[in-house]
Structures are given as structure tokens and as C-alpha cells.
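Visitor:
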């Protein structure tokens with residue numbers, strides 16, 4: 210798999226920063242404060258995050274770090290993310306939202322309503338980071354807060370998603386890869402150059418690392434180089450696949466991104482394209498679903514929430530139509546002769562739908 214090769218600087222997610230702050234607070238509590246915190250990332254990498262401020266107080270300890278998003282900054286770049294920690298009598302680690310971290314109020318997200326907007330991967334990272342410091346029998350109460358988070362959240366999609374009071378603590382890899390640049394498009398070209406030089410005729414275009422990992426499990430006979438991390442550059446990657454003579458293109462991603470592709474988006478970044486749930490509702494009607502369920506899809510808060518309205522027996526018919534729309538888009542983009550496959554992945558892990566070469 211070809212990665213981005215440039216001088217662009219990788220940054221860290223809010224999840225990584227929260228984990229670093231939590232570990233830093235635990236170190237203060239243990240009497241071994243640090244000036245920088247090492248955090249284990251999901252991809253077996255580590256991050257070293259400088260400490261902005263730390264100390265004791267309120268019967269516990271705190272640590273704050275400044276989020277550095279690298280050379281692809283987002284709205285939370287420069288935010289001060291703080292963790293406070295107190296010990297508990299049980300061995301459980303409890304994570305709570307403090308000021309500036311949102312609370313989930315609607316279904317359809319990775320976190321249930323009534324819970325802090327701290328996604329599952331960051332939550333595991335925070336627990337693991339604290340556990341690196343505290344003994345296994347020692348529990349803790351960890352509160353994550355973000356200075357000015359309520360104001361920052363107004364500039365995000367959180368209000369629309371029903372996340373109130375602050376930002377979300379996010380991240381699946383712990384890293385912010387700088388790809389909103391020509392350098393990333395250049396890296397896609399390099400990836401196809403390698404595929405072509407190896408004499409391969411198949412390419413798996415993945416929207417992110419999570420989809421790439423699942424696609425590698427499904428297409429386990431293909432070499433690593435065949436997997437191209439196209440990110441949001443759907444149109445560009447398909448055109449490069451055509452230019453490099455790919456006979457077989459596999460699109461691997463999650464429902465939200467694939468809906469954008471089917472609807473005609475050339476770039477699937479959230480700033481460039483919205484998810485059109487009315488399209489999914491139309492496909493539901495064509496699949497024979499009731500108007501009640503189709504209406505539920507169109508009124509859903511997110512793509513994940515919309516899936517709750519689709520009875521499992523309709524998955525094949527509905528997602529086959531979605532796959533055909535994506536294949537049509539690929540043909541329109543200048544690759545009419547390529548065999549196209551769609552691997553639609555579940556937000557809960559595994560494959561939601563897989564239709565092979567047509």
C-alpha cells in the first residue's frame with residue numbers, strides 16, 4: 210500500500226490528545242509528571258504529545274495538551290484538551306464529558322444518546338493510556354474537557370447531528386493525515402505507478418484506513434500494493450485507474466461515502482459533499498420497502514441512523530442498486546471498460562454488502 214510521501218506534517222486527532230491528557234494526569238497522580246506523553250495508537254504506532262500544563266487539585270490531578278492537526282488543520286487545531294482524574298475504589302475506569310465536550314442526544318451515531326460524544330476508539334485509547342500508569346486493580350474517574358469547545362462546536366456538524374454542548378472526541382487511527390493537497394493526489398498517482406510496474410490489473414480504492422483493513426481481509430489474495438488509499442478523491446482515483454489500464458476496480462467504503470459517490474460527488478470530503486438520504490430513501494422505495502420506512506430513512510440524522518430503518522431482507526436489493534449507481538459513475542468518469550466491484554462495509558464491523566465484478 211502506497212502512503213503519502215511528502216514533507217507534509219501528520220497531526221493528531223482529538224482522541225489522541227484526550228488519551229495523552231488522561232495519561233499525563235495519571236502520571237501526575239502517580240508522582241511522575243512528564244513534559245511529553247507517549248500514546249499508543251491503534252495502528253501499532255506511537256505519538257509523543259507535549260504537555261501544555263499539569264498539576265494537582267480537587268483531590269486529583271489534571272493535564273492539558275494542545276491539539277496539533279499538522280498540515281491539514283481543522284476547526285479544533287490549537288484547541289486545549291484537558292483531562293482531570295480522581296481515583297475510585299473499584300477497578301473500573303469511568304470516562305465523562307466536561308466543559309466543551311458534547312453530549313449525544315439523537316440515535317444514529319457511534320455513541321448512544323445520553324452519552325458523552327467520545328467515540329469508541331478514543332474511549333478505548335483513553336482507558337488504555339490510563340491503565341499504562343495505574344495498577345490493574347485501581348479504578349479512576351476521568352473527565353475530558355475542551356477549552357472553548359462549545360463555541361468551536363457551532364462551526365462543526367455537531368448541532369445538526371444532535372450533539373450539544375461541545376465538540377466530539379474523534380479518531381479511528383489517532384492520526385490526522387494531511388491529504389487536502391496536491392501532494393496527496395500525487396501519492397495516488399505513485400500508487401498506480403507501482404501497481405502498473407508490478408503487472409497488476411486490479412486496484413482496490415479505499416476511503417480510509419478502516420475500509421482498507423477490511424478490504425484486505427476480503428481480498429486477501431491481492432498484494433498490499435493493490436490497495437490504494439484514495440481518501441475523498443473518488444473521481445481522481447478512478448480516472449488514474451483508467452489511465453493506468455486497470456481492468457478491475459474495487460470500491461471499498463462505508464455507506465455515507467458510497468452514497469456521496471452514487472449521488473455524483475467527485476470528492477467525498479464533508480466540506481465538498483453532503484450525504485443525500487433522500488437518494489437512499491428512493492432506493493428503498495424501488496426495493497419494495499414501505500413508505501413509512503422510506504420516510505424514516507429520509508428523516509434520519511446520519512447514514513448510520515438511516516440503516517436502522519432498512520429490514521435485513523431488503524439489504525440485497527437496495528444495496529445492489531446503490532452499487533449499480535456507483536458503477537455508472539465509474540463509467541461516466543472515463544473508465545467504461547473496467548470491471549467494477551463494490552464492497553460496502555458495516556459501521557459495526559464486517560461486510561454489509563458485496564457485489565462482485567459486473
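Residue numbers (the numbering used here): 210 to 567.
We put the beta carbon where it would ideally sit given N, CA and C, even for glycine.
Looking at the structure shown, is residue 389 part of a helix, part of a strand, or coil, going by DSSP?
Guide: Working through the chain shown from its first residue, we reach residue 389 at position 180. Here the model assigns residue 389 a pLDDT of 49, short of 50, so the residue's position is not dependable and the matter cannot be decided.
Visitor: Quick one: grab the DSSP three-state call for residue 379.
Guide: The residue given as residue 379 occupies position 170 in the chain shown. Of the three classes helix, strand and coil, the one that applies to residue 379 here is coil, per DSSP.
Visitor: Would you kindly work out how many angstroms separate the C-alpha atoms of residue 505 and residue 554, rounded to a whole number?
Guide: By 1-based counting over the chain shown, the position of residue 505 is 296. By 1-based counting over the chain shown, the position of residue 554 is 345. Straight-line Cα distance between these residues: approximately 21 Å.
Visitor: Would the region 222 to 234 and the region 330 to 340 be scored as touching if the rule is three or more Cβ pairs under 8 Å?
Guide: Because the criterion of three Cβ pairs below 8 Å is met, the region 222 to 234 and the region 330 to 340 touch.
Visitor: Closest to residue 344 by CA distance: which of 533, 525 and 236 is it?
Guide: Counted from its first residue, the chain shown places residue 344 at position 135. The option with the nearest alpha carbon to residue 344 is 236.
Visitor: Looking at the secondary structure, which residues open and close the beta strand (DSSP E) in which residue 501 lies?
Guide: Along the chain shown, one-based indexing puts residue 501 at 292. Element bounds for residue 501: not the beta strand (DSSP E) but the alpha helix (DSSP H), 500 to 507.
Visitor: What are the boundary residues of the beta strand (DSSP E) that residue 438 is part of?
Guide: Residue 438 sits at position 229 when you count from the first residue of the chain shown. Per DSSP, residue 438 belongs to the beta strand (DSSP E) from 436 to 438.
Visitor: Within the continuous alpha helix (DSSP H) that includes residue 420, where are the two ends?
Guide: Taking the chain shown and counting its residues from 1, one reaches residue 420 at position 211. Run containing residue 420: 418 to 427, per the alpha helix (DSSP H) assignment.
Visitor: Is it the case that the Cβ atoms of residue 325 and residue 306 are separated by a distance below 7 Å?
Guide: Taking the chain shown and counting its residues from 1, one reaches residue 325 at position 116. Taking the chain shown and counting its residues from 1, one reaches residue 306 at position 97. The Cβ-Cβ distance between residue 325 and residue 306 falls below 7 Å.
Visitor: So, does the region 494 to 504 touch the region 278 to 296, judging by three or more C-beta pairs under 8 Å?
Guide: No, the region 494 to 504 does not touch the region 278 to 296.
Visitor: If you follow the beta strand (DSSP E) that residue 254 is part of, which residue opens it and which one closes it?
Guide: As a position in the chain shown, residue 254 is number 45, starting the count at 1. Unbroken run through residue 254: none, as it is neither H nor E.
Visitor: Mapping the DSSP letters down to three states, classify residue 325 as helix, strand or coil.
Guide: Along the chain shown, one-based indexing puts residue 325 at 116. Residue 325: strand per DSSP, three-state reduction.
Visitor: Does the distance from the C-beta atom of residue 471 to that of residue 407 stay below 7 Å?
Guide: One-based indexing of the chain shown puts residue 471 at position 262. One-based indexing of the chain shown puts residue 407 at position 198. Going by C-beta atoms, residue 471 is not nearer than 7 Å to residue 407.
Visitor: If I follow the unbroken alpha helix (DSSP H) through residue 225, where does it start and stop?
Guide: Along the chain shown, one-based indexing puts residue 225 at 16. Residue 225 -> alpha helix (DSSP H) spans 223 to 238.
Visitor: Going by CA-CA distance only, name the one from 279, 436, 239 and 456 that's closest to residue 397.
Guide: Taking the chain shown and counting its residues from 1, the one referred to as residue 397 is at position 188. Comparing Cα-Cα distances from residue 397 to each of 279, 436, 239 and 456, the minimum goes to 436.
Visitor: Mind the definition here: the region 367 to 375 touches the region 239 to 250 only if three or more C-beta pairs lie below 8 Å; say whether that holds.
Guide: no
Visitor: Locate the alpha helix (DSSP H) running through residue 320, then write down its first and last residues.
Guide: Here the question's residue 320 lines up with position 111 in the chain shown. First-last for residue 320: undefined, no H or E at that position.
Visitor: If you draw a straight line from the alpha carbon of residue 389 to that of residue 281, how long is it in whole angstroms?
Guide: Here residue 389 refers to the residue found at position 180 of the chain shown. Here residue 281 refers to the residue found at position 72 of the chain shown. Summary for residue 389: the model assigns pLDDT 49, below 50, so the residue's position carries little reliability; its value from the coordinates is reported in the next sentence. If I take the Cα positions, the gap works out to 7 Å.
Visitor: Confirm, please, whether the CB-CB distance from residue 412 to residue 543 is below 7 Å.
Guide: Counting from one through the chain shown, the residue named residue 543 turns up at place 334. Counting from one through the chain shown, the residue named residue 412 turns up at place 203. Result no, Cβ atoms of residue 543 and residue 412 do not sit closer than 7 Å.
Visitor: Does the Cβ-Cβ distance between residue 353 and residue 310 come in under 7 Å?
Guide: By 1-based counting over the chain shown, the position of residue 353 is 144. By 1-based counting over the chain shown, the position of residue 310 is 101. The answer is yes: Cβ separation under 7 Å.
Visitor: Quick check on residue 480: does DSSP put it in helix, strand or coil?
Guide: Taking the chain shown and counting its residues from 1, the one referred to as residue 480 is at position 271. Correct three-state label for residue 480: coil.
Visitor: Can you tell me whether residue 366 is buried or exposed? The criterion is at least 16 other CB atoms within 10 Å of its CB, across all chains shown.
Guide: Mapped onto the chain shown, residue 366 falls at position 157. Looking at its Cβ environment, which holds fewer than 16 other Cβ atoms inside 10 Å, residue 366 is exposed.
Visitor: State the DSSP-derived secondary structure class of residue 487, mapped to helix, strand or coil.
Guide: For the purposes of this step, residue 487 is taken as the residue at position 278 of the chain shown. Assigned with DSSP and collapsed to three states, residue 487 falls in helix.
Visitor: Going by C-alpha distance, which of 265, 249, 428 and 464 is nearest residue 340?
Guide: Taking the first residue of the chain shown as position 1, residue 340 is located at position 131. The shortest Cα separation from residue 340 among 265, 249, 428 and 464 belongs to 249.
Visitor: Near residue 252, which residues of its chain fall below 6 Å by C-beta distance, leaving aside the five closest residues on each side in sequence?
Guide: For the purposes of this step, residue 252 is taken as the residue at position 43 of the chain shown. Around residue 252: 382.
Visitor: Should residue 453 and residue 405 be called a contact, given that it needs their Cβ atoms to be closer than 7 Å?
Guide: As a position in the chain shown, residue 453 is number 244, starting the count at 1. As a position in the chain shown, residue 405 is number 196, starting the count at 1. The Cβ-Cβ distance between residue 453 and residue 405 falls below 7 Å.
Visitor: Check the DSSP bridge columns for residue 312 and list the partner residues they point to.
Guide: As a position in the chain shown, residue 312 is number 103, starting the count at 1. DSSP output for residue 312 lists 325 and 373 as bridge partner(s).
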